[in-house]
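Participant: Counted the way mature numbering (1 follows the signal peptide of the UniProt record, and there is no 0) counts, the sequence shown spans residues -21 to -1, 1 to 119. One structure coming up, written as structure tokens, with questions to follow.
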Amino acid sequence: MKKITQLAIFMMLAISYSGMAQSSSAGNQKSGGPLAEISEVSGMADPASYKWDQGLVYKVQILASKDQLSEGDTRLKNLGNVYSYKHDGLTKYTWGRTRLPHEAARLQGEMHRKGFKDAFVIHYYNGKRISAEEAKNLRK
């Protein structure tokens, strides 16, 4: 338990710092309509706690499953921070997050090289999942 607590504190500091550094580049953005709201996030903590719920954020979805995967699932081994959320009756797993579209494409490529051939970029605005079209309009 102590090791998990220490890891959680370290990750909170790292994500908080990263969020502060990237929030200055987010700029003023228009609101888009959500497709789905995150109903549950697991992993270290809810990303909304770290200003990742503000503005446009890109993540890479790597898996979707009817059943929640165990923490020791071999497919998730050595990936670092994998987050899960419920959407359309499935548990969906994401890896990485950024505010930059070109960085999202790089993260997707990294997941493809690690064997997640179906990995794709998903978009969030103010903590809610939105379509690629809506994300494109927000970048204008």
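Yeah, the Cβ is synthetic: ideal placement off N, Cα and C, and Gly gets one too. On a predicted model such as this, the values are computed, not experimentally measured, just so you know.
Among D67, V61, V100 and G94, which one has its Cα closest to the Cα of P80?
Facilitator: Residue V100 is the option with its Cα nearest to P80.
Participant: Between the stretch 43 to 53 and the stretch 74 to 88, do at least 3 Cβ pairs fall closer than 8 angstroms?
Facilitator: No: the two stretches stay apart, fewer than three of their Cβ pairs being nearer than 8 angstroms.
Participant: R108: which of K65, V61 and N60 sits nearest, CA to CA?
Facilitator: The candidate whose alpha carbon is nearest that of R108 is K65.
Participant: Taking only the alpha-carbon atoms, compute the straight-line gap between K96 and G88 and give it to the nearest angstrom.
Facilitator: Going by the C-alpha atoms only, they are around 9 angstroms apart.
Participant: Can you pull the DSSP bridge partners for K71?
Facilitator: In DSSP, K71 forms a bridge with A43 and Y64.
Participant: Hey, out of N105, L58, S44 and Q40, whose CA is closest to K30's CA?
Facilitator: The shortest Cα separation from K30 among N105, L58, S44 and Q40 belongs to N105.
Participant: Could you compute how far the alpha carbon of D32 sits from the alpha carbon of H91?
Facilitator: Their Cα atoms are separated by approximately 26 angstroms.
Participant: Please state if the CB of T73 and the CB of V36 are separated by a distance shorter than 8 angstroms.
Facilitator: The answer is no: Cβ separation not under 8 angstroms.
Participant: Quick one: is R44 buried, meaning 16 or more other Cβ sit within 10 Å of its Cβ, or exposed?
Facilitator: It should be pointed out that residue 44 corresponds to Ser in this sequence rather than to Arg. The residue in question, S44, is exposed, as its Cβ has fewer than 16 Cβ neighbours within 10 Å.
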